[in-house]
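Enquirer: Under this note's numbering, the letters of the sequence shown match residues 38 to 446, in that order.
Mind having a look at this structure? Questions to follow.
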Amino acid sequence: MLTWIVQQVWTMCDFQYNASCHITYVLPVLRGAVKSFEYMLSHNLNGTNTSRLHFPAAGLPNCGGGGWDNGFQVGAAQWGLTTYTSMCKDIAEHRPPFSQPEPIGDLCDFAARAEWLLERLAPLQVDPVTGINAAWKVRFTEPCRHFDHLLNCIGEGFGNIQRESQVCLNTADQFYKVTWQGKAECTFSYPPVVQMSAANGRGDAAWGNITELLDNILLFMPNTMDNEGDPVSSARQIVNIDPCATAATADSIQYLMIQSEGQRIKVFPTPPVAWDDGAVFHRLRASRGFVVSARLLKQHGGVGWVHIENEAGAQPVLVTAQFSKPISKLKIESKSGHEVRLVAFPPAANTVQVLGLEQGDAVLISDPELPPDSFEIQPLQGEASEQNYWGYHPESSRSQAFRECCAEF
38 MLTWIVQQVW TMCDFQYNAS CHITYVLPVL RGAVKSFEYM LSHNLNGTNT
88 SRLHFPAAGL PNCGGGGWDN GFQVGAAQWG LTTYTSMCKD IAEHRPPFSQ
138 PEPIGDLCDF AARAEWLLER LAPLQVDPVT GINAAWKVRF TEPCRHFDHL
188 LNCIGEGFGN IQRESQVCLN TADQFYKVTW QGKAECTFSY PPVVQMSAAN
238 GRGDAAWGNI TELLDNILLF MPNTMDNEGD PVSSARQIVN IDPCATAATA
288 DSIQYLMIQS EGQRIKVFPT PPVAWDDGAV FHRLRASRGF VVSARLLKQH
338 GGVGWVHIEN EAGAQPVLVT AQFSKPISKL KIESKSGHEV RLVAFPPAAN
388 TVQVLGLEQG DAVLISDPEL PPDSFEIQPL QGEASEQNYW GYHPESSRSQ
438 AFRECCAEF
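If you want it as structure tokens, here you go:
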């Protein structure tokens, strides 16, 4: 669990692209986390000595099942060991964001040993039909109130599984089938399924999962907290109220608008058919210190414009979007007036490389034929029955349904 917590802090530092943040808050704790793996790993696998290093039999933290080399532990170890050794190499070689020397003491004294452990660590166990296994020779077949092994497939995930892969789609489908359709109905199980669908081009499925969850008046309370169902009961028992899934659901909605990892930013990667023309987001953060705004204009054929601010000075940045015009015909304007160039990036479809975007500067990439009002960002006009969705407003359709169904909760 410690590695997962460190990963959340690492993501925060990465979105700031801040070396001091990494060195102060991530590296010391990550060092301790990866050192702990050495005490858990051994060559023993269910009584047989192997050339690989394995985790002893254990259950997934929030699910039934488990066993040797469970998917959560192996994925966490892969991410922790890889990230720790990479950070230490970047610091030693003064690679961004660690270009300026900073004192780290003995925080990288375990790097060589960590690399040795990583080379010998047993791989994640994958089933060709159901995706990532709960553990060695144990497919994921029991409902789960959390998404421990799915962390290998979401965001800056654990493990070494390609996020955009059939393995992750199979994993998402199996998890949804077993946990939600199995009537465990746990709100925390939805966000990773949404993200995995969004990462693999299934925008309609992802949006369907989100609306299915938000419209469930039993699981999401009027105060925005969520009911956590019993993960092993078919009785849909309510066991606690928790605000965490609400934040995770909001994060999943954002994942349909923007995805980023390393120098790549994907804008409206898989917009659902249900989204109206003119969908827009304003100043969402991406990895490496970029702040992005964009508008989707379906009637014009795709993404109408993208605005990118470079807060931390990282270069270059790759932007993937289904623009409404061919890349060669896009208009580009920098806030400072300095030259910023777009270069097609052939290995990836619909991707441009933005060159010359300095720290503190911003660039607008747009369809030159858009009318001026396409660049205005205003609140959408909503229906009265959908306003104050999360309160007890008398005209809210959701509030009325909740009072009729679930007032005892």
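In this text, a Cβ means the ideal position worked out from N, Cα and C, and glycines have one as well.
All values derive from a computational prediction rather than experimental measurement.
(1) Nearest by alpha-carbon distance to Ser-324: which of Asn-207, Val-304, Val-111 and Asp-313 is it?
(2) Could you tell me the alpha carbon to alpha carbon distance between His-59 and Phe-327, rounded to whole angstroms?
(3) With distances taken from CA atoms, which of Gln-300, His-319 and Ala-285 is nearest Met-294?
(4) Could you give the residue range of the alpha helix (DSSP H) that holds Thr-40?
(5) How about Ile-364 and Val-354: are their beta carbons less than 8 Å apart?
(6) Would you mind sorting Thr-40 into buried or exposed? The rule is 16 or more other CB atoms within 10 Å of its CB.
(7) Which residues in the same chain have their Cβ closer than 7 Å to the Cβ of Ala-159, if we skip the five residues on either side of it in sequence?
(8) Contact between the stretch 206 to 217 and the stretch 167 to 182: three or more CB pairs below 8 Å?
(9) Rounded to the nearest angstrom, what separates Gln-352 and Cys-205 at their Cα positions?
(10) Between Gly-393 and Arg-378, how many whole angstroms is the CB-CB distance? I'm expecting something under 8 Å.
(11) Count the other CB atoms, across all protein chains shown, that sit within 10 Å of the CB of Tyr-54; report buried if there are 16 or more and exposed otherwise.
(12) Pick from Val-400, Gln-203, Tyr-227 and Ala-331: whose alpha carbon is nearest that of His-375?
(13) Tell me the start and end of each unbroken beta strand (DSSP E) in the stretch 105 to 175 that is at least 3 residues and wholly inside, in chain order.
(14) By the DSSP assignment, the alpha helix (DSSP H) with Val-204 in it spans what residues?
(15) For Arg-157, which residues from the same chain have a beta carbon less than 7 Å from its beta carbon, with the 5 sequence-adjacent residues on both sides left out?
(16) Roughly how far, in whole angstroms, is the beta-carbon of Asn-189 from the beta-carbon of Leu-161, given that I think they are within contact range, below 8 Å?
(17) Report, in whole angstroms, the separation of the C-beta atoms of Thr-208 and Gly-168, which I expect to be a contact under 8 Å.
(18) With a threshold of 6 Å on Cβ separation, who are the neighbours of Pro-308 within its own chain once the five nearest residues in sequence on each side are excluded?
(19) Per DSSP, which one or two residues make a beta bridge with Arg-332?
(20) Would Asp-404 and Ser-371 qualify as a contact pair, given that the criterion is a beta-carbon distance under 8 Å?
(21) Quick check: the Cα distance between Ala-331 and Gln-45, rounded to an integer number of angstroms?
(22) Helix, strand or coil, according to DSSP, for Leu-367 in the structure here?
(23) Out of Ala-242, Ala-311 and Gln-415, which one is the CA nearest neighbour of Lys-335?
(24) Who are the near neighbours of Leu-67 in its chain, counting only those whose CB is closer than 8 Å to its CB and skipping five residues on each side?
(25) From the DSSP output, which residues share a beta bridge with Glu-298?
(26) Under the rule that 16 or more other beta-carbon atoms within 10 Å means buried, what is His-186, buried or exposed?
(27) Chain C beta carbons: is any one of them nearer than 8 Å to that of Lys-174?
(28) Can you name the residues that DSSP bridges to Val-389?
(29) With which residues is Arg-322 paired in a DSSP beta bridge?
(30) Just the Cα atoms here: how many angstroms apart are Val-389 and Ser-289?
(31) Count the other C-beta atoms from every protein chain shown that fall within 10 angstroms of the C-beta of Ser-57, then say buried if there are 16 or more, exposed otherwise.
(32) Could you compute how far the alpha carbon of Trp-173 sits from the alpha carbon of Asp-252?
(33) Could you have a look at Val-310 and say whether DSSP puts it in helix, strand or coil?
(34) Using the beta-carbon count (16 or more within 10 Å), is Thr-61 buried or exposed?
(35) Just how far apart, CA to CA, sit Pro-134 and Asp-51?
(36) Nearest to Gln-115 by CA position, among Gly-84, Thr-87, Thr-85 and Lys-72, is which residue?
Expert: Short version:
(1) Out of Asn-207, Val-304, Val-111 and Asp-313, the CA that lies nearest to the CA of Ser-324 is found in Val-304.
(2) Roughly 17 Å separates the two Cα atoms.
(3) Nearest C-alpha to Met-294: His-319.
(4) It spans 39 to 53 - the alpha helix (DSSP H) in which Thr-40 sits, taken as one unbroken run.
(5) No, they are not a contact pair.
(6) Thr-40 is buried by the Cβ-count criterion.
(7) Correct list, in chain order: Arg-89, Leu-90, His-91, Asp-106 and Val-111.
(8) With contact defined as three or more Cβ pairs closer than 8 Å, the stretch 206 to 217 and the stretch 167 to 182 are in contact.
(9) Rounded to whole angstroms, the separation of the alpha carbons of Cys-205 and Gln-352 is 30 Å.
(10) Correct: roughly 6 Å between the Cβ atoms.
(11) With 16 or more other Cβ atoms within 10 Å, it is buried.
(12) For His-375, the nearest C-alpha among the options comes from Val-400.
(13) Correct list: empty.
(14) In the DSSP assignment, Val-204 falls within the alpha helix (DSSP H) that extends over 203 to 212.
(15) Closer than 7 Å at Cβ, skipping near neighbours: Arg-89 and Leu-90.
(16) So it is a contact: roughly 6 Å between Cβ atoms.
(17) About 3 Å separates the CB atoms of Thr-208 and Gly-168; that is less than 8 Å, so the two are in contact.
(18) Gly-240 and Leu-333.
(19) Val-317 and Trp-342.
(20) The Cβ atoms of Asp-404 and Ser-371 lie no closer than 8 Å to each other.
(21) Taking the Cα positions, Ala-331 is about 26 Å away from Gln-45.
(22) Three-state DSSP puts Leu-367 in coil, outside helix and strand.
(23) Comparing Cα positions, the closest option is Ala-311.
(24) Closer than 8 Å at the Cβ level, and outside the excluded window around Leu-67, lie Thr-40, Val-43, Trp-47, Gly-117, Thr-120, Tyr-121 and Met-124.
(25) Beta-bridge analysis with DSSP links Glu-298 to Arg-301.
(26) Buried: at least 16 other Cβ atoms inside 10 Å.
(27) Reference to chain C is not applicable here, since this structure consists of a single protein chain.
(28) Note: Val-389 sits in a beta bridge opposite Val-356 and Ala-381.
(29) For Arg-322, DSSP records a beta bridge to Val-328.
(30) Cα-Cα distance, rounded: 25 Å.
(31) Looking at its Cβ environment, which holds fewer than 16 other Cβ atoms inside 10 Å, Ser-57 is exposed.
(32) Cα to Cα, Trp-173 sits roughly 37 Å from Asp-252.
(33) Val-310: coil per DSSP, three-state reduction.
(34) Thr-61 sits exposed, since fewer than 16 C-beta atoms from the chains shown fall within 10 Å of its C-beta.
(35) Counting only the Cα atoms, Asp-51 lies some 9 Å from Pro-134.
(36) Among Gly-84, Thr-87, Thr-85 and Lys-72, the Cα nearest to that of Gln-115 belongs to Lys-72.
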